[in-house]
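Inspection log for the structure reproduced underneath, given as structure tokens.
Number of protein chains: 2
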Amino acid sequence: MNAPQSPNTHPFAEAARDAVYQAIFSRRDVRSQFLPDPIPDTVLGRLLMAAHHAPSVGFMQPWNFLLIRSPESKARVQDLFRKANDEARTQFTGDRKDLYSRLKLEGILDAPVNLCITCDRERTGQTVLGRTHMTEMDLYSTVCAVQNLWLAARAEGVGVGWVSIFHRDELQKALGIPERIVPIAYLCLGYVSEFLEKPELEKAGWLSRLPLEDLVFHETWGQTGGPNDSLAPHYQAMRKRYGYA
Amino acid sequence: MNAPQSPNTHPFAEAARDAVYQAIFSRRDVRSQFLPDPIPDTVLGRLLMAAHHAPSVGFMQPWNFLLIRSPESKARVQDLFRKANDEARTQFTGDRKDLYSRLKLEGILDAPVNLCITCDRERTGQTVLGRTHMTEMDLYSTVCAVQNLWLAARAEGVGVGWVSIFHRDELQKALGIPERIVPIAYLCLGYVSEFLEKPELEKAGWLSRLPLEDLVFHETWGQTGGPNDSLAPHYQAMRKRYGYA
């Protein structure tokens with residue numbers, strides 16, 4: 001086993017850089033491809049460490065990681081999902097409602113490990129460096145931990161699905177999470193039969209990938225690069241290099 | 246240039262997995278090490294594409310990327326920072342106040358590129374799949390885009406610093422961002438003289454890294470692994486393998 005690069009290597013060698021982009025572009029929100037194979041502690045330990053090394057405002061590290069494997073807890077959470085999803089479905093109409101009803105939006109029972117990542121807003125007291133004005137920064141830090149774990153999981157061959165169709169207070173109560181703690185993400189984790197070539201909602205025709213060219217502004221809100229956008233050829237090169245991007 | 250792995254490769258080969266963990270563990274919130282060297286379009290294009298491939302609730306892709314390079318805009322933003330930071334400082338007392346005053350908390354003028362990543366909450370209408378119950382999911386999606394960019398930047402040798410000491414409405418006005426849009430992150434981007442071995446706030450003695458062993462719960466809130474925690478040896482192995490972790 002070769003030692004990894006020094007922490008101060010910058011930039012990475014091309015193959016290492018490629019690996020980071022591959023994790024980013026082939027990461028998927030998994031609902032339907034979970035395998036029952038257990039996740040070894042060595043892999044789960046690495047994933048949790050990756051999450052723990054997310055950036056956090058004022059270095060407050062506001063997160064906790066609640067691992068859920070018991071069938072009873074999972075079933076309780078899935079019941080909450082089902083109830084909330086029935087409510088959600090009624091908010092769509094016509095063809096959208098039909099399509100919505102056909103989508104599988106969680107893999108709670110299929111995934112061997114469920115993980116609730118939470119935010120303790122008072123971990124380091126009321127006053128937090130960097131949170132004095134934008135008070136939601138600690139919630140955002142916790143989301144960075146989610147994304148770290150998601151990308152590390154992709155590299156490990158572990159799929160992650162973020163389930164968000166819950167009444168938060170019900171989820172919190174079902175998991176015994178104290179009131180002062182904010183549950184940020186309920187994640188399903190497991191090995192997968194495949195990582196889909198594209199996001200499932202894109203494949204299903206729910207929405208299309210937006211052209212990045214329309215989303216990047218220069219100096220002024222709304223000012224795209226236009227026909228001479230000097231960044232556009234580089235987006236195109238990425239799409240070509242990572243066929244799935 | 247070798248073609249990258251197929252999108253369906255899972256898990257990654259060991260060296261590729263290592264690269265992902267290296268990006269995660271050696272990523273830093275940069276304030277003091279920026280170099281004036283410009284970021285080539287090819288690199289900036291890759292970073293933006295990485296951000297654009299973040300997960301988003303209901304595939305709504307609610308983000309925009311406002312690039313700021315003009316010295317005038319940067320100076321305007323730095324003024325807002327200075328004013329807010331003067332207010333922030335008064336919230337700390339004694340030794341903490343002295344230490345706070347010595348910390349450099351932004352690199353707005355030093356970094357060649359500034360980037361505001363925003364969230365358009367109505368991009369795909371009022372009703373969004375997955376946002377029906379947890380209404381902040383689109384804000385969280387945008388944070389995932391920030392973290393994707395941050396990790397890709399580490400692989401490219403580009404440092405990123407997230408500046409959060411602003412009154413949001415003032416920042417928004419200074420950048421001409423419409424009221425209905427939520428600015429999520431104001432980032433400073435540039436090549437760096439070095440990536441610090443540890444987070445700057447940890448080095449400065451502001452706060453210490455928490456032991457992950459205390460943050461992971463099993464099945465029940467508060468139930469750590471205790472003395473026989475089967476995950477702990479694997480955290481320890483990570484700390485050893487990535488000396489900086």
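Taken in sequence, the protein lines are chains Z and X.
Following the working numbering, the numbering of the first sequence begins with 1 at its first residue and continues without gaps.
Following the working numbering, the numbering of the second sequence begins with 246 at its first residue and continues without gaps.
Heads up, the beta-carbon is just placed ideally off N, CA and C, and yes, glycines get one too.
Listed in chain order, which residues of the stretch 290-311 of chain X have Cβ atoms closer than 8 Å to some Cβ of chain Z? G290, R291, L293, M294, A295, H297, H298, A299, P300, V302, G303, F304, M305, Q306, W308, N309, F310 and L311
Note down, in chain order, all residues in the stretch 251-280 of chain X with a beta-carbon under 9 Å from any beta-carbon belonging to chain Z. Against chain Z - using a Cβ distance shorter than 9 Å - the residues of the stretch 251-280 of chain X are S251, P252, N253, T254, H255, P256, F257, A258, E259, A260, A261, R262, D263, A264, V265, Y266, Q267, A268, I269, F270, S271, R272, R273 and D274.
When the cut-off is 8 Å and only beta carbons count, does Z/A38 lie next to chain X? If you number the first sequence from 1, residue 38 of chain Z lands on position 38. Ala is not the amino acid found at residue 38 of chain Z; the sequence shown has Pro there. So no, Z/P38 is outside the interface.
For X/D355, which option in X/V403, X/G339 and X/S277 has the closest C-alpha, if you only look at C-alpha atoms? Along the second sequence, read from residue 1 onward, the residue named residue 355 of chain X stands at position 110. When only C-alpha atoms are compared, the closest one is X/S277.
State the start and end residues of the unbroken beta strand (DSSP E) segment that holds Z/N114. Walking along the first sequence from the start, residue 114 of chain Z turns up at place 114. Z/N114 -> beta strand (DSSP E) spans V113 to D120.
Please list, in chain order, all residues of the same chain as X/C389 whose beta carbon is under 8 Å from its beta carbon, the five residues on each side excluded. Position 144 of the second sequence, counting from 1, holds the residue named residue 389 of chain X. Here the set comprises A299, P300 and S301.
Out of curiosity, what's the CA-to-CA distance linking X/D324 and Z/V113? Numbered from its first residue, the second sequence carries residue 324 of chain X at position 79. Numbered from its first residue, the first sequence carries residue 113 of chain Z at position 113. Distance between the alpha carbons of X/D324 and Z/V113 is about 48 Å.
According to the Cβ coordinates, are X/P463 and Z/L215 closer than 8 Å? Working through the second sequence from its first residue, we reach residue 463 of chain X at position 218. Working through the first sequence from its first residue, we reach residue 215 of chain Z at position 215. The sequence given here places His at residue 463 of chain X; Pro does not occur at that position. Taking 8 Å as the Cβ cut-off, X/H463 and Z/L215 do not qualify as a contacting pair.
Classify Z/A54 as helix, strand or coil using the three-state DSSP reduction. Indexing the first sequence from 1 puts residue 54 of chain Z at position 54. Of the three classes helix, strand and coil, the one that applies to Z/A54 here is coil, per DSSP.
With a Cβ-Cβ cutoff of 8 Å, do Z/L171 and Z/Y186 count as a contact? Residue mapping note: residue 171 of chain Z aligns to position 171 of the first sequence, counting from 1. Residue mapping note: residue 186 of chain Z aligns to position 186 of the first sequence, counting from 1. Yes; because the gap between Cβ atoms is below 8 Å, this pair is in contact.
Buried or exposed for Z/R121, please, with buried defined as at least 16 other CB atoms from any protein chain shown within 10 angstroms of its CB. Counted from its first residue, the first sequence places residue 121 of chain Z at position 121. Buried, since its Cβ has 16 or more Cβ neighbours within 10 Å.
For a test of the three-state rule: what should DSSP assign to Z/H234, helix, strand or coil? In the first sequence, the residue the question calls residue 234 of chain Z occupies position 234. Under the three-state reduction of DSSP output, Z/H234 falls in the helix class.
Look at the alpha carbon of Z/L115 and the alpha carbon of Z/L67, and state the distance between them as a whole number of angstroms. By 1-based counting over the first sequence, the position of residue 115 of chain Z is 115. By 1-based counting over the first sequence, the position of residue 67 of chain Z is 67. Distance from the CA atom of Z/L115 to the CA atom of Z/L67, rounded to whole angstroms, is 5 Å.
Can you find a CB in chain Z that lies within less than 8 Å of the CB of X/I353? Taking the second sequence and counting its residues from 1, the one referred to as residue 353 of chain X is at position 108. For X/I353, the answer is no, since every Cβ of chain Z falls outside 8 Å of its Cβ.
Chain Z contact residues for X/L476, given Cβ-Cβ distances below 8 Å: In the second sequence, residue 476 of chain X corresponds to position 231, counting from 1. Those are D41, L44, G45 and L48, listed as they occur along chain Z.
Within its chain, find whatever has a CB closer than 6 Å to the CB of Z/G107; leave out the 5 residues flanking it on each side and keep chain order. Start at 1 with the first residue of the first sequence, and residue 107 of chain Z comes out as number 107. Counting only Cβ-Cβ distances below 6 Å, and skipping sequence neighbours, we find R31, F34, G161 and C188.
Reference X/C364; option with closest CA among X/P428, X/K349, X/E401 and X/S315: Working through the second sequence from its first residue, we reach residue 364 of chain X at position 119. Ranking the options by Cα distance to X/C364, first place goes to X/P428.
Can you tell me which residues form a DSSP beta bridge with Z/A185? Within the first sequence, the letter at position 185 stands for residue 185 of chain Z. For Z/A185, which the question treats as bridged, DSSP gives the partners Z/I117.
Per DSSP, which residues does Z/F34 bridge with? Please list them. Along the first sequence, read from residue 1 onward, the residue named residue 34 of chain Z stands at position 34. Z/V192, per the DSSP bridge assignment.
Return the CA-CA distance between Z/T42 and Z/N148, expressed in angstroms with no decimal places. Numbered from 1 along the first sequence, position 42 holds the residue referred to as residue 42 of chain Z. Numbered from 1 along the first sequence, position 148 holds the residue referred to as residue 148 of chain Z. Between Z/T42 and Z/N148, the C-alpha separation is close to 17 Å.
Is the beta carbon of Z/I177 less than 8 Å from the beta carbon of X/W308? Residue numbering aside, residue 177 of chain Z sits at position 177 when the first sequence is read from its first letter. Residue numbering aside, residue 308 of chain X sits at position 63 when the second sequence is read from its first letter. Contact flag unset, no.
Return the residues of the stretch 216-227 of chain Z that lie within a Cβ-Cβ distance of less than 8 Å from chain X, sorted by chain order. V216, F217, H218, E219, T220 and W221
I'd like to know whether the C-beta atoms of Z/R27 and Z/L151 end up nearer to each other than 8 Å. Locating residue 27 of chain Z in the first sequence gives position 27, counting from the first residue. Locating residue 151 of chain Z in the first sequence gives position 151, counting from the first residue. Yes, these two residues count as a Cβ contact at 8 Å.
Candidates X/A333, X/G402, X/A419 and X/I284, of which the one nearest X/E317 by Cα: Taking the first residue of the second sequence as position 1, residue 317 of chain X is located at position 72. Minimum Cα distance to X/E317 is reached at X/A419.
Using 8 Å as the threshold, is the C-beta distance between Z/L212 and X/L293 below it? Here residue 212 of chain Z refers to the residue found at position 212 when the first sequence is read from its first residue. Here residue 293 of chain X refers to the residue found at position 48 when the second sequence is read from its first residue. Their beta carbons are under 8 Å apart, which means Z/L212 touches X/L293 by this criterion.
On the CB-based measure, 16 or more other CB atoms within 10 Å of its CB, does X/A258 come out buried or exposed? Against the second sequence, residue 258 of chain X aligns to sequence position 13. Counting Cβ neighbours within 10 Å, X/A258 comes out exposed, since fewer than 16 surround it.
Neighbouring residues, chain Z, relative to X/Q336 (Cβ below 7 Å): On the second sequence, position 91 is the one that residue 336 of chain X refers to. Simply T127 and T132.
With X/A400 and Z/V146 assumed to form a contact (beta carbons below 8 Å), what rounded beta-carbon distance in angstroms separates them? Taking the first residue of the second sequence as position 1, residue 400 of chain X is located at position 155. Taking the first residue of the first sequence as position 1, residue 146 of chain Z is located at position 146. In this structure X/A400 does not touch Z/V146 by the C-beta definition: roughly 20 Å separates them, more than the 8 Å allowed.
Residues in its own chain within less than 7 Å of Z/K104 by CB, not counting five upstream and five downstream? As a working mapping, residue 104 of chain Z is identified with position 104 in the first sequence. Contacts found: R31 and S32.
Just the C-alpha distance for Z/R82 and Z/G94, rounded to the nearest angstrom, thanks. The count along the first sequence starts at 1 and reaches residue 82 of chain Z at position 82. The count along the first sequence starts at 1 and reaches residue 94 of chain Z at position 94. Here the C-alpha atom of Z/R82 lies approximately 21 Å from the C-alpha atom of Z/G94.
What's the gap between the Cα of Z/Q22 and the Cα of X/D331? Here residue 22 of chain Z is taken as the residue at index 22 of the first sequence, counted from 1. Here residue 331 of chain X is taken as the residue at index 86 of the second sequence, counted from 1. Taking the straight line joining both Cα atoms gives about 42 Å.
Closer than 8 Å, CB to CB, is X/Q425 near chain Z or not? On the second sequence, residue 425 of chain X is found 180 positions in, with the first residue counted as 1. Checking the sequence, you will find Arg at residue 425 of chain X rather than Gln. Output row for X/R425: interface = no.
May I ask you to list the residues that DSSP assigns as paired with X/V408? Within the second sequence, the letter at position 163 stands for residue 408 of chain X. DSSP, once it has assigned bridges, lists X/Y431 as partnering X/V408.
Across which residues does DSSP place X/F462 in a beta bridge pair? Start at 1 with the first residue of the second sequence, and residue 462 of chain X comes out as number 217. DSSP output for X/F462 lists Z/L66 as bridge partner(s).
Per DSSP, what kind of secondary structure is X/M246 in: helix, strand or coil? Position 1 of the second sequence, counted from the start, is the residue given in the question as residue 246 of chain X. Unreliable placement is indicated for X/M246, whose pLDDT of 44 sits below 50; the coordinate value is still reported in the next sentence. The three-state secondary structure of X/M246, taken from DSSP, is coil.
List the residues of chain Z whose Cβ lies closer than 9 Å to the Cβ of X/R314, in chain order. For the purposes of this step, residue 314 of chain X is taken as residue 69 along the second sequence, with counting starting at 1. Result: H218 and E219.
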